[in-house]
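Enquirer: Protein chains in written order, with the numbering used here: chain A, 20 to 635; chain B, 203 to 515.
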Amino acid sequence: MTPPDALLSVRDLRVRFTTRHGPVDAVRGVSLAVEAGRCLAVVGESGSGKSVTARALIGLAGSNATVDATTMTFEGRSLLSLGERRWRRLRGARIGFVLQDALTSLDPLRRIEDEVAEPLDVHADLGRRERAERVRSLLGDVGIPDPAQRARQYPHELSGGLRQRALIASAIAAGPSLVVADEPTTALDVTIQAQVLDLLADMRDAGTAVLLISHDLTVVARMADHVAVMYAGLVVEEGPAAQVLHEPVHPYTRALLAAAPTLDPRGPAPTQIARLAPPTTGPGCPYRSRCALADARCHGELPALRATGDGPSLARCWHADAAEPLPTPAPRTVGTTTSGRRVVLEVDGVSKRFRVPGGGRRRAVDGVSFSLRAGEALGLVGESGSGKSTIAQIALGMLGPDDGRVLLDGASWSELREPDRRPHRSRIQLIQQDPLSSFDPRFTVERIIGEGLGQPSRRGAAAHRSRVVELLHRVGLDATILDRRGPQLSGGQRQRVAIARALGPEPEILVCDEPVSALDVSIQAQILDLFDTLRRDLGVALLFISHDLGVINRMCERVLVMKDGAIVEEGPVGDVLHTPRHAYTRELLAAVSADPATGRTPVRTGPTSVPEGRPT
Amino acid sequence: MVTTRWWLRRAGLGVLVIWGAATLSFIGLHLLSGDPARIIAGGGGAVSGSSEQILARINEQYGFHEPLIVQYGRFLGQLARGDLGMSYQLNQRVTTVIVDQLGPTVALALGAAVLGFGLALVLAVGTAGRPRAESLFSTLELLFVSTPSFWVGILLLTVFSFRLGWFPVFGNEGVASLVLPWLTLALPITGTLALVMRDGLQRALEQPFATTVLARGATATRLRLRHALRHALLPVLTLSGWTLGTLLGGVVVIETVFARAGIGQVAVTAVNGRDLPVVTGVVLVATVVFVVINTALDALTRVVDPRLRGVPE
Ligand SMILES: Nc1ncnc2c1ncn2[C@@H]1O[C@H](COP(=O)(O)OP(=O)(O)OP(=O)(O)O)[C@@H](O)[C@H]1O
Ligand code: SF4
Ligand SMILES: [Mg+2]
Chain A
20 MTPPDALLSV
30 RDLRVRFTTR
40 HGPVDAVRGV
50 SLAVEAGRCL
60 AVVGESGSGK
70 SVTARALIGL
80 AGSNATVDAT
90 TMTFEGRSLL
100 SLGERRWRRL
110 RGARIGFVLQ
120 DALTSLDPLR
130 RIEDEVAEPL
140 DVHADLGRRE
150 RAERVRSLLG
160 DVGIPDPAQR
170 ARQYPHELSG
180 GLRQRALIAS
190 AIAAGPSLVV
200 ADEPTTALDV
210 TIQAQVLDLL
220 ADMRDAGTAV
230 LLISHDLTVV
240 ARMADHVAVM
250 YAGLVVEEGP
260 AAQVLHEPVH
270 PYTRALLAAA
280 PTLDPRGPAP
290 TQIARLAPPT
300 TGPGCPYRSR
310 CALADARCHG
320 ELPALRATGD
330 GPSLARCWHA
340 DAAEPLPTPA
350 PRTVGTTTSG
360 RRVVLEVDGV
370 SKRFRVPGGG
380 RRRAVDGVSF
390 SLRAGEALGL
400 VGESGSGKST
410 IAQIALGMLG
420 PDDGRVLLDG
430 ASWSELREPD
440 RRPHRSRIQL
450 IQQDPLSSFD
460 PRFTVERIIG
470 EGLGQPSRRG
480 AAAHRSRVVE
490 LLHRVGLDAT
500 ILDRRGPQLS
510 GGQRQRVAIA
520 RALGPEPEIL
530 VCDEPVSALD
540 VSIQAQILDL
550 FDTLRRDLGV
560 ALLFISHDLG
570 VINRMCERVL
580 VMKDGAIVEE
590 GPVGDVLHTP
600 RHAYTRELLA
610 AVSADPATGR
620 TPVRTGPTSV
630 PEGRPT
Chain B
203 MVTTRWWLRR
213 AGLGVLVIWG
223 AATLSFIGLH
233 LLSGDPARII
243 AGGGGAVSGS
253 SEQILARINE
263 QYGFHEPLIV
273 QYGRFLGQLA
283 RGDLGMSYQL
293 NQRVTTVIVD
303 QLGPTVALAL
313 GAAVLGFGLA
323 LVLAVGTAGR
333 PRAESLFSTL
343 ELLFVSTPSF
353 WVGILLLTVF
363 SFRLGWFPVF
373 GNEGVASLVL
383 PWLTLALPIT
393 GTLALVMRDG
403 LQRALEQPFA
413 TTVLARGATA
423 TRLRLRHALR
433 HALLPVLTLS
443 GWTLGTLLGG
453 VVVIETVFAR
463 AGIGQVAVTA
473 VNGRDLPVVT
483 GVVLVATVVF
493 VVINTALDAL
503 TRVVDPRLRG
513 VPE
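1) Under a CB-based cut-off of 8 Å, is arginine 108 (chain A) close to chain B?
2) Run down chain C in chain order and give the residues with a C-beta less than 8 Å from the C-beta of tyrosine 173 (chain A).
3) Below 7 Å, is the gap between the Cβ of aspartate 688 (chain A) and the nearest heavy atom of ligand 3?
4) Ordered along the chain, which non-local residues of its own chain (more than five positions away) have a Cβ less than 8 Å from that of threonine 280 (chain B)?
5) How many Å lie between glycine 194 (chain A) and cysteine 58 (chain A) at the Cα?
6) Report, in whole angstroms, the separation of the C-beta atoms of arginine 444 (chain A) and alanine 393 (chain A), which I expect to be a contact under 8 Å.
7) Quick one: using the 10 Å Cβ neighbour count with 16 as the cut-off for buried, is threonine 414 (chain B) buried or exposed?
8) Going by DSSP, which residues form a beta bridge with isoleucine 114 (chain A)?
9) According to DSSP, is proline 460 (chain A) part of a helix, a strand, or is it coil?
10) Is glutamine 183 (chain A) near ligand 3, going by C-beta to nearest heavy atom under 7 Å?
11) Kindly give me the distance between the Cβ atoms of methionine 242 (chain A) and leucine 276 (chain A), rounded to whole angstroms, as I take these residues to be in contact under 8 Å.
12) Any chance you could list the beta strand (DSSP E) runs of at least 3 consecutive residues sitting entirely within the segment 495-548 of chain A, in chain order?
13) Do you know whose CA, among B:Arg365, B:Leu435, B:Thr482, B:Gly305, lies nearest valine 504 (chain B)'s CA?
14) Specify, as a first and last residue, the run of the alpha helix (DSSP H) that histidine 265 (chain A) falls within.
15) Relative to ligand 3, is the shortest distance from any of its heavy atoms to the C-beta of glutamine 214 (chain A) smaller than 7 Å?
16) Anything with a beta carbon under 5 Å from a heavy atom of ligand 2 counts; list them all in chain order.
17) Along the chain, where does the beta strand (DSSP E) containing arginine 35 (chain A) start, and where does it finish?
18) Consult DSSP for isoleucine 586 (chain A) and reduce its assignment to one of helix, strand or coil.
19) Cα separation between serine 388 (chain A) and glycine 48 (chain A)?
20) Looking at serine 70 (chain A) and ligand 3, is the gap between the Cβ and the nearest heavy atom below 7 Å?
21) Does methionine 242 (chain A) come out as helix, strand or coil in the three-state DSSP assignment?
22) Confirm, please, whether the CB-CB distance from serine 332 (chain A) to valine 268 (chain A) is below 8 Å.
23) What three-state label does DSSP hand glutamate 202 (chain A) in the structure shown?
24) With a threshold of 8 Å between beta-carbons, can leucine 416 (chain B) be considered close to chain A, or not?
25) Under 8 Å, CB to CB, which of the residues in the segment 319-351 of chain B have a partner in chain A?
26) From what residue to what residue does the alpha helix (DSSP H) around serine 337 (chain B) run?
27) Is it true that the CB of leucine 358 (chain B) sits closer than 8 Å to the CB of leucine 395 (chain B)?
28) Please indicate yes or no: does the CB of serine 370 (chain A) lie closer than 7 Å to some heavy atom of ligand 3?
29) Along the segment 47-79 of chain A, what residues have a CB closer than 7 Å to any CB found in chain B?
30) Between the Cα of threonine 89 (chain A) and those of A:Ala220, A:Ile77, A:Ser100, spot the shortest distance and give me the residue it belongs to.
31) Can you find a C-beta in chain A that's less than 8 Å from the C-beta of proline 410 (chain B)?
32) Go to isoleucine 356 (chain B), then tell me how far its beta strand (DSSP E) extends in each direction, as first and last residue.
33) Threonine 123 (chain A) versus chain B: which residues are under 7 Å apart at the beta carbon?
34) So with Cβ pairs under 8 Å, would you call threonine 421 (chain B) a contact of chain A?
35) Since I believe alanine 73 (chain A) is in contact with isoleucine 191 (chain A) (beta carbons under 8 Å), could you give me their beta-carbon distance rounded to a whole number of angstroms?
36) Identify every run of the beta strand (DSSP E) within the segment 370-400 of chain A, keeping only runs that are complete inside it and at least 3 residues long; order them along the chain.
Structure below.
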């Protein structure tokens, strides 16, 4: 499996964390190889150990981690038992690392130029002039317009896409031969996603090895030459990208592909994955409790990673050869009519302007009206900066509109004074895009969720705790993470905790601002199913903001398309997505029409062709 | 542009605060203190046998017989010219009294501020993210914060001056006489700032950008000093009002305990002798110092945190 000329080659990597609640085996035997000028993609659901694997490759798994492998070589030298000083010589210089949580990975207090040049400051001793020039050319290389000006700005003055590119510029500043990119496009708009991926593809074509970590199969399909699928800290399938994405053999990979949201009007099938089961521990296959093909052998013995049938792929499954068809899933049930129900949220002619630096005002929302009925899921799509989040803030009563008004259950809401609004706040809850920013890093999961429930009385403490556990179960987590803190959770776990917290006060309306854009498809499917259940059982209404049309298609009956603060198209999801009337809607649709199974999209936006200057 | 507006706003606010302090002192001077002429004539506490003539002359000289509003107007007018009036007791201009005593106090306060901040910096940077050292030192710092400074002063005096004889017991002679007062005044500041700074460092080190920095090949020290420290300075700067308050209040206590000359002593003497123009003068000088330094530190916050610069508040 390991090509002799591999730049990076890892065999049987294991990472164990020592925590207060005993050891956590986050990575349990991962073998990878990346060649120069090629891209290896690692996919897998949240918590499967992708980020831990990546961090272990640069010796930054964490102070509480024990890293072990049979071989681990980079550029012909072993990385095992490398001293700290040697590690530092590799980091940033030979291996560039683009971290997950792109938007918070630049130091907010330092200028872009200092952030980009840091690897140079550490590894090369450049003069002032030379350094500035190098920064400018790097920023140009990653497609940042106006590099000289951008270099002097601070991260918060750049939009998400520009920040992500600056981060990449910093990772490649010292000319590394390997770039590890952990979820480089998560939380970016589709159009900007495409640009960032093109950039990575260009680097690969120029001879850099790329290790791409992603939960987004569309992204993987565009970029990867080789794919490794991770589950519960193990590689369960790996092989050439075309093979793995078109003819997956492992039941998990097959379910993962089936769960990807698409624009198919029937929606994706709710799959076996959608059963909210965490990986099974103990001996045997970790996937067995979710697997439709599991039998006695699967329970007793962990299968090895081995060649399957005639293809070049390897898979870790007893039944990979059989390639039995998975049971056909039941058709989805979304579409219950809600048109006769009462209106719970009414937004009436709302406008909002913001002051922009340097004087002047920008219209963020412009005469927007819509209504949301009990138990309905209403989608709101549009590019970043189109005013979606401002609408969310106004609906939540956290921002007052300049014009127009918002009614909650027919009673005034936006016009109330804050003290009158506060008692009703629990009725409308927000689920945010970026859960990390809303958690205090030192609070435990129990405390984070408990806060939404109010202070427990002394006698109620046990009931309080059991309610927290119940909420955790609702979102597919179990009580073992009660004592973990924000930074110890994987990206997906964090988002699920945020959702559990929002569900605490039993709201009537959930405003979901990109709630699943940071989740991998299988967890996405679970969460979307969860939202369906909440709607059906509790009659919760959803205002669902997303840039992902696949997700909107999966979730919503009606959709609003927003551009520059105004609603340009509105109607039933099927009509809007299949016979779009507005040119902008067609543009959005074109940008996502890449299908994970068919591979690379035809869309290729030149890096500088999109106006990208606005601060977010 | 935002910056100009910010400065104008802060200047206006500062003038307002100083005017408020002046007005309050004036009201205190005239409503709470009985007949000022008697205080002046009696040279202090009990007034006896001052003849009506003397009182009348004093009233004439200081203008106490005029309506209050006229006196208030004159008081503000003098103030605007930097004139704080005459001391009731020292037969000197208040400005002279204060300027004469400012030197030792500034040396004391400035030195203590630098020492307090420096110690806090070393403690925080050295121990953040190292659990054992951290719990040990934060206990120590809590002790610094919660021990009254006169008690610390007396303790230090007992050990280093009486027992060991390393430093003079009191007085204003040279740097040696400043060491113990500096230390006494600095400790509570060190305690608080170190706790806050360490907390800030730790938060910064847990943020995703910290991993990015290490992934660029930076050393842990570079991460602390070039990145995390700036983040840790923000809460410290926010506390500057508290720090200044501690310093200004501490000066009075320290000068008393160590029997040092300085503004603190001037204030104590003036309060005891009901020398109200001097009290007013000290209050106003303290207010001006407070406003100016606080504004400067707030401006510094905006330099450290670029995210604040776009916001006029
Ligand atoms: N420092 C740590 N201490 C204890 N457990 C940890 C630590 N870091 C990660 N983990 C655990 O290791 C497991 C794997 O996490 P990892 O971040 O690699 O997931 P991931 O595949 O990257 O998921 P995502 O797609 O959500 O980012 C998770 O269960 C996580 O909670
Ligand atoms: S080994 Fe068994 S349980 Fe595991 S994936 Fe294969 S069939 Fe399913
Ligand atoms: Mg991850």
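For glycine and all other residues, C-beta sits at the position ideal for the given N, C-alpha and C. Remember, it's a predicted structure, so these values are computed and weren't measured experimentally.
Expert: Walking through what the data contain:
1) yes
2) Structure shown: chain C not included; protein chains present are A and B.
3) Absent from the structure is residue 688 (chain A), since the part of chain A shown begins at 20 and ends at 635.
4) Looking at the sequence provided, one finds glutamine at residue 280 (chain B) rather than threonine. Leu286, Gly287.
5) 17 Å
6) At roughly 19 Å, the Cβ-Cβ gap does not stay under 8 Å, so arginine 444 (chain A) and alanine 393 (chain A) are not in contact.
7) buried
8) A:Arg110, A:Leu197
9) coil
10) no
11) Contact flag wrong, Cβ pair sits at about 16 Å.
12) 528-532
13) A small correction: the amino acid at residue 504 (chain B) is arginine; valine does not occupy that position in the sequence shown. Residue B:Leu435 is the option with its Cα nearest to arginine 504 (chain B).
14) 260-265
15) no
16) A:Pro270, A:Cys304, A:Tyr306, A:Arg307, A:Cys310, A:Leu312, A:Ala313, A:Cys317, A:Pro322, A:Cys336, A:Trp337, A:His338
17) 27-38
18) strand
19) 54 Å
20) yes
21) helix
22) yes
23) coil
24) yes
25) none
26) 333-348
27) no
28) no
29) Ile77, Leu79
30) A:Ser100
31) yes
32) Looking at the DSSP string, isoleucine 356 (chain B) is not in any beta strand (DSSP E); the run it does join, the alpha helix (DSSP H), is 351-358.
33) Gln409, Pro410, Phe411
34) yes
35) Not quite, the Cβ-Cβ distance comes to about 16 Å (not below 8 Å), so this is no contact.
36) 380-392, 396-400
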